[in-house]
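Structure record follows, encoded as structure tokens.
Numbering (my numbering), first residue to last: 1 to 292.
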């Protein structure tokens, strides 16, 4: 059981939940909220994140990115604690559960009254399942081509936040793109830290991430751009939405701390958890700023 919990990587869940919370706060601010939609969105997101983590463990081992030279936490398949066959079965089961939970979420939100929206979001949901698997698994994983950052910005930012808000509101609000981008940039920052940590083993395995392309020095500059962009987007949103209080600003020093430590620490691994939790704190403070 310990190996499975480790493979599920619970420390990634706060980041996955952040986009759901942000979308829910934005919807609640306009008077549109449902606990049933919120609960099913949380369940679906957790399953998709666990699916992604299982597939990442499986795919990186199959493609050689997870080896004894890897710096980060030990992977279950690579270490032999879980066999590839067992992990594949877990991937299939988790993907099936995510699909069922997603269907329940869409039906609860749209029912039969919004069938076009239901079908559109069903397509998004299926795309999310495939994206979770093919990030590092399959014959041509897109994470090995440096496309992981775009995927994270999309699924943890724009689609994640705006999609959840739409499930409640049944309409699109253009200004909500800014907090969605803010979440996406922060999530991409976590991925960037992960890829900086693994830069040597990834390069040897042929996994061409952004840090492998840029090198360590420029990857740190890229990290500064990501976190700065997240803060700027939220500041712009606060200007557009004048009723918003300033509690969200309390999270900004956490991001500045993350940047400073990146330039001081030889290994950025401790900063992954710090940035993921800081993102969750930021979203909670943003929710408080919107609703009080």
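Where is the CB? At the ideal position from N, CA and C, for every residue including glycine.
ask   = Which value, in whole angstroms, describes the spacing of the CA atoms of residue 293 and residue 221?
value = This structure leaves residue 293 out entirely; the chain is present only between 1 and 292.
query = Are the stretch 128 to 147 and the stretch 208 to 226 touching, with three or more C-beta to C-beta distances below 8 Å?
reply = Taking 8 Å as the limit for Cβ pairs, the verdict is that the stretch 208 to 226 does touch the stretch 128 to 147.
task = Would you check if the stretch 277 to 285 and the stretch 16 to 33 touch, i.e. whether three or more CB-CB distances between them fall below 8 Å?
result = Three or more Cβ pairs drawn from the stretch 16 to 33 and the stretch 277 to 285 lie within less than 8 Å of each other, which places the two stretches in contact.
query = By the 10 Å Cβ neighbour count, where 16 or more other Cβ atoms means buried, how is residue 57 classified, buried or exposed?
reply = The count along the chain shown starts at 1 and reaches residue 57 at position 57. Per the 10 Å Cβ criterion, buried.
query = CA-CA distance, residue 11 and residue 112?
reply = In the chain shown, the residue the question calls residue 11 occupies position 11. In the chain shown, the residue the question calls residue 112 occupies position 112. One C-alpha to the other measures close to 37 Å.
task = Taking only runs that begin and end inside the stretch 6 to 73, name each unbroken alpha helix (DSSP H) of 4 or more residues, in chain order.
result = Those alpha helix (DSSP H) runs which fall completely within the stretch 6 to 73 and span 4+ residues are 13 to 29, 35 to 63.
ask   = Does DSSP put residue 143 in a helix, a strand or coil?
value = Counting from 1 along the chain shown, the entry for residue 143 is found at position 143. Residue 143 sits in a helix when the DSSP states are folded into three classes.
query = Under 8 Å, do residue 185 and residue 226 count as touching if we go by C-beta distance?
reply = Reading the chain shown from its first residue, position 185 is the one you call residue 185. Reading the chain shown from its first residue, position 226 is the one you call residue 226. When the beta-carbon positions are compared, residue 185 and residue 226 come within less than 8 Å of each other.
key: Candidates 169, 191, 234: closest to residue 182 by CA position   = Working through the chain shown from its first residue, we reach residue 182 at position 182. Nearest option by C-alpha distance: 234.
request  = Consider the C-beta atom of residue 152 and the heavy atoms of the ligand COA; say whether any pair is separated by less than 7 Å.
outcome  = Ligands are entirely absent from the displayed structure, and the ligand COA is therefore not among its contents.
message = Taking the alpha-carbon of residue 123 as reference, which of 102, 139, 173, 169 has the nearest alpha-carbon?
response = The residue given as residue 123 occupies position 123 in the chain shown. Measuring from the Cα of residue 123, the nearest candidate turns out to be 102.
query = So which of 174, 199, 108, 3 has the shortest CA-CA distance to residue 44?
reply = Here residue 44 refers to the residue found at position 44 when the chain shown is read from its first residue. Looking at the Cα atoms, 108 is the closest of the given residues.
query = On the three-state DSSP scale, how would you describe residue 83?
reply = Taking the chain shown and counting its residues from 1, the one referred to as residue 83 is at position 83. The three-state reading of DSSP puts residue 83 in coil, since its state is none of H, G, I, E or B.
inquiry  = At the level of alpha carbons, what is the spacing between residue 26 and residue 81?
reply    = As a working note, residue 26 is residue 26 in the chain shown. As a working note, residue 81 is residue 81 in the chain shown. So the two alpha carbons sit approximately 42 Å from each other.
query = Taking C-alpha atoms, which residue in 263, 217, 287 lies nearest to residue 251?
reply = Counting from one through the chain shown, the residue named residue 251 turns up at place 251. Checked all of 263, 217, 287; the closest Cα to residue 251 is 287.
task = State yes or no: is the C-beta of residue 151 within less than 8 Å of the C-beta of residue 142?
result = The residue you call residue 151 lines up with position 151 of the chain shown. The residue you call residue 142 lines up with position 142 of the chain shown. Yes, these two residues count as a Cβ contact at 8 Å.
task = Flag this pair as yes or no: are the beta carbons of residue 131 and residue 110 separated by less than 8 Å?
result = The sequence position of residue 131 within the chain shown is 131, counting from 1. The sequence position of residue 110 within the chain shown is 110, counting from 1. Contact: no.
query = With a CB to CB cut of under 6 Å and the five nearest residues on each side skipped, what residues in its chain are close to residue 36?
reply = Within the chain shown, residue 36 is the residue found at index 36, counting from 1. These residues qualify, in order along the chain: 108.
task = Check residue 208 in the structure and name its three-state DSSP category.
result = The residue you call residue 208 lines up with position 208 of the chain shown. Residue 208 falls in the coil class under three-state DSSP.
request  = Can you give me the Cβ contacts of residue 292 inside the same chain, cut-off strictly under 7 Å, excluding the 5 residues immediately before and after it?
outcome  = If you number the chain shown from 1, residue 292 lands on position 292. Same-chain partners within the cutoff: 245.
task = State the DSSP-derived secondary structure class of residue 242, mapped to helix, strand or coil.
result = Position 242 of the chain shown, counted from the first residue, corresponds to residue 242. Residue state, collapsed to three classes: coil.
query = Who are the near neighbours of residue 47 in its chain, counting only those whose CB is closer than 7 Å to its CB and skipping five residues on each side?
reply = Translated into the one-based positions of the chain shown, residue 47 becomes position 47. Answer for residue 47: 94, 97, 98, 101, listed in chain order.
request  = Please determine, among 168, 1, 21, the residue with the shortest C-alpha to C-alpha distance to residue 290.
outcome  = For the purposes of this step, residue 290 is taken as residue 290 along the chain shown, with counting starting at 1. Looking at the Cα atoms, 21 is the closest of the given residues.
query = Counting along the chain, where does the alpha helix (DSSP H) carrying residue 289 start and finish?
reply = Sequence index remark: in the chain shown, residue 289 carries index 289 (1-based). Element bounds for residue 289: 269 to 291.
ask   = Using a Cβ-Cβ cut-off of 6 Å (strictly less than) and excluding sequence neighbours within five positions of residue 193, which residues of its own chain qualify?
value = By one-based count along the chain shown, residue 193 stands at place 193. If we look at residue 193 and ignore the five residues flanking it on each side, its Cβ neighbours are 268, 271, 272.
request  = Give me the Cα-Cα distance between residue 159 and residue 187, rounded to the nearest whole angstrom.
outcome  = Mapped onto the chain shown, residue 159 falls at position 159. Mapped onto the chain shown, residue 187 falls at position 187. Just so you know, the alpha carbons of residue 159 and residue 187 end up roughly 13 Å apart.
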